[in-house]
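Which chain is which? The protein sequence lines are A and B, in order. Per our numbering: the first sequence = residues 1 to 337. Per our numbering: the second sequence = residues 1 to 337. We treat Cβ as the ideally placed atom computed from N, Cα and C, and that holds for glycine. Note that the structure is a prediction, hence the values are computed from the model and not measured.
There are 2 protein chains.
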Amino acid sequence: MIRTAPAVLDRARAYVAPAMQDAVDGMSPELLTAIRYHLGYADADGTPVAAGGGKGVRPALAVLSAEAAGADAGVGVPGAVAVELVHNFSLLHDDVVDGDRERRHRTTVWALFGVGQAIIGGDALLTLALDVLLTPATPARARASAALVRATDRMIAGQASDMAFETRHDVSIDECLAMEQAKTGALLSCASSIGALLADADNRLVDALVAYGAHLGVAFQAVDDLLGIWGSPDVTGKPAGSDLRQHKKALPLLFALAVGDGADDELPRLFAGGSLSEADVARATELVEARGGRERTEEIARNHLGLALDSIADVGIPTDVHAELDELARFVVEREF
Amino acid sequence: MIRTAPAVLDRARAYVAPAMQDAVDGMSPELLTAIRYHLGYADADGTPVAAGGGKGVRPALAVLSAEAAGADAGVGVPGAVAVELVHNFSLLHDDVVDGDRERRHRTTVWALFGVGQAIIGGDALLTLALDVLLTPATPARARASAALVRATDRMIAGQASDMAFETRHDVSIDECLAMEQAKTGALLSCASSIGALLADADNRLVDALVAYGAHLGVAFQAVDDLLGIWGSPDVTGKPAGSDLRQHKKALPLLFALAVGDGADDELPRLFAGGSLSEADVARATELVEARGGRERTEEIARNHLGLALDSIADVGIPTDVHAELDELARFVVEREF
């Protein structure tokens, strides 16, 4: 099922995009071409393009979390900008680390502008995020910054685990879930609560939004894992089966490996030889599905979507804001199914 | 002249090293081997080594700046740790960007553990720095964090300029100085004042320490530029003439180019062909010196050392602390001359 993008994405973009552009415009000119390209503001030669970038889920969550605390959307905007900048910092670096040459149907920054631009440009986005959030350094902004730094820390730890998993053959499902909670969940969780922190909300609401975002992160990453194998290249911008080709220890594969019959099993043997042929990828895909890897990963996505929605059920969030948080979560999880 | 390392370096290390080790020990296990290696705590296989790391100039400045405000050294420690972590973040990334395979006579992290470890490990050091500083997020720590983020921002912009300069042939001396002020001066300036910020010092003292550190940064970088051409490989850990070999647009070369006789000049022609032979490097070194590039860069180092010392002459810093700031500045600038 393809869901229509929720109206809140456009509503939040109207608040956040100008502040985001302002922040980016102040960046170092030597980095600006690559950064504007990466953010979808411009072509590789600097020509502005009409629209682009991601769906803006994280900024929308940040804005909604301010509104959840009864504040104006604008209160969440510095948080929205900061979280979106941190997200893009991680994309720039991850593409180098993973050697990915394509993202969102476009050549990645390192592949187009060089590794230096991707590394230093990413660094600049991270410090810009904190600059936006800490100026001025009010107590609420300091609290929000501390939360963003901790989330970024966890995201980086998750990426480190993900990287380590590629050369390990004994990754457990629990380890994978913990990695995904860190790599994806930490920043989504921060996005879902940073507006409330900026609005000086009480701990009960902040904690509920933190939990909502954390579960949403697990569900989101489970869907991402499914798309990494069964996603249409049109939708993902990556070749089908690309996670298997890259030996990524994602949930569907781990579920399938867990029910295999040990050392002589066909599935691990497909990965033993280093690079997989197209036939290997097709066979691995078949085996992962036949052994329930797809179904069990879908179940995780569904369960954590439910847990996300439960987390915010009863903490006094205004009805209209609650409805938008509900709709956004469903959209994120059910996006391409 | 080789100066003896000032006692304040050891004194500050005694305060800062345990806090630094504590912070690092909490890092993600998948990054810890590379990070501990980089910081000189351990060999590549994880075996602890007795001593290592840099001279610890930045942490010493941070501690002194707290004492300059009349506070205990301990007040400056979170700032010292944060600044040292940011410095090491930048080293990890710069080595990848510059393709340097050696630092402090040891193989660099990317060359030994891979680019992924250097990028993600560097990212982790940066967020750890802010985590240390923002926990707890008191107003003084928030102010110090905002200053550190701005300094890091400037440092990254400086690195971006430095990177851009390598493919430009029209870099002016002013542009080079501005780049060096950003790349080196911003963090030294922050190190020199962050303790005072943590001690809630008044603006007059903070501004004086900011100026001291900024001038010290220019002087320090000028010396670094001299060492990049004339430094003994034993001292620098890099081959002699390495800045020229890498086409680095550092001050001595720019001064020498500025007095050349235009397009037919011998000096720019040496760089026109891409990679320089050993004979080219020797000839370029000779020309740069003969045209006063060495002398004028030494003059900049001397002048800015003087300006650094002037900046803190009359702002009520306790006599003993003032003497240590004075000695440390002289040591930094006169280190290998």
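| query | result |
| --- | --- |
| Contact set between the region 194-219 of chain A and chain B, restricted to residues whose Cβ is under 8 Å from the partner | none |
| Chain B within 8 Å of A/A124, Cβ atoms only | yes |
| Cβ-based burial, A/H87 [other Cβ within 10 Å; buried from 16] | buried |
| Proximity to B/G274 [Cα-Cα], best of B/T167, B/A308, B/L205 and B/A111 | B/T167 |
| Neighbouring residues, chain B, relative to A/T127 (Cβ below 7 Å) | V149, T152, D153 and I156 |
| Spatial neighbours of A/T108 in its chain, beta-carbon cut-off 7 Å, leaving aside the 5 residues before and after | D95, D100, R101 and E102 |
| Cβ-heavy atom distance, A/A17 to the ligand MN, below 7 Å | This structure simply doesn't include the ligand MN, nor any ligand for that matter. |
| Cα-Cα separation, A/G70 to B/P78 | 36 Å |
| A/L338 versus A/L257 - alpha carbon distance | Residue 338 of chain A lies beyond the stretch modelled for chain A, which goes from 1 to 337, so this question has no answer here. |
| Cutoff 8 Å: B/S161 Cβ touching any chain D Cβ | Here the protein chains are A and B, and chain D is not one of them. |
| Burial state of A/D310 (16 or more Cβ within 10 Å) | exposed |
| 8 Å Cβ cut-off: residues of chain B touching A/R143 | A137 |
| Reduced DSSP category for B/M20 - H, G, I as helix; E, B as strand; rest coil | helix |
| Assigned exposure category for A/S65 - 16 Cβ within 10 Å defines buried | buried |
| Proximity test, Cβ basis, 8 Å: B/H169 and chain A | no |
| Beta-carbon gap between A/M155 and A/E84 smaller than 8 Å | no |
| Cutoff 8 Å: A/R11 Cβ touching any chain B Cβ | no |
| Contact check, B/G241 vs B/T285, beta carbons under 8 Å | yes |
| Terminal residues of the alpha helix (DSSP H) in which A/V97 lies | A73 to D98 |
| Exposure of A/M1, with buried meaning 16 or more beta-carbon neighbours within 10 Å | Note that A/M1 scores 48 on pLDDT, short of 50, meaning its location in the model is unreliable; the coordinates nonetheless yield the value given after this. A/M1 should be labelled exposed. |
| Residue of B/D153, B/I229 and B/D10 minimising C-alpha distance to A/T127 | B/D153 |
| Extent of the continuous alpha helix (DSSP H) to which A/G292 belongs | Premise fails: A/G292 is in no alpha helix (DSSP H) and is neither H nor E. |
| A/E327 and A/P6 closer than 8 Å at C-beta | yes |
| Helix, strand or coil at B/E166 according to DSSP, with G and I counted as helix | coil |
| Partners in chain A for B/L130, counting only beta-carbon separations shorter than 7 Å | L130 and V149 |
| Cβ neighbour criterion (16 or more within 10 Å) applied to B/A313 | exposed |
| C-beta neighbour in chain B for A/G241, strict 8 Å | no |
| Beta carbon proximity, A/V75 to chain B, threshold 8 Å | no |
| Cβ neighbours of B/A186 in the same chain (closer than 6 Å, five flanking residues each side left out) | A151, R154 and M155 |
| Where the alpha helix (DSSP H) containing A/Y41 begins and where it ends | Premise fails: A/Y41 is in no alpha helix (DSSP H) and is neither H nor E. |
| Burial state of A/G26, where buried means 16 or more other Cβ atoms lie within 10 Å | exposed |
| CB of B/V259 within 8 Å of CB of B/G292, strictly | yes |
| Neighbour list for B/L91 in chain A, Cβ cutoff strictly below 8 Å | Within chain A, no residue comes near B/L91; the closest Cβ sits about 13 Å away, beyond 8 Å. |
| Close-in-space but distant-in-sequence residues of the same chain around A/D72 (CB under 8 Å, 5 per side omitted) | A66 |
| Nearest-angstrom beta carbon gap, A/A199 and A/I300 [assumed within contact, 8 Å] | Contact flag wrong, Cβ pair sits at about 32 Å. |
| Cβ contact check for the region 163-180 of chain A and the region 28-47 of chain A: 3 or more pairs under 8 Å | no |
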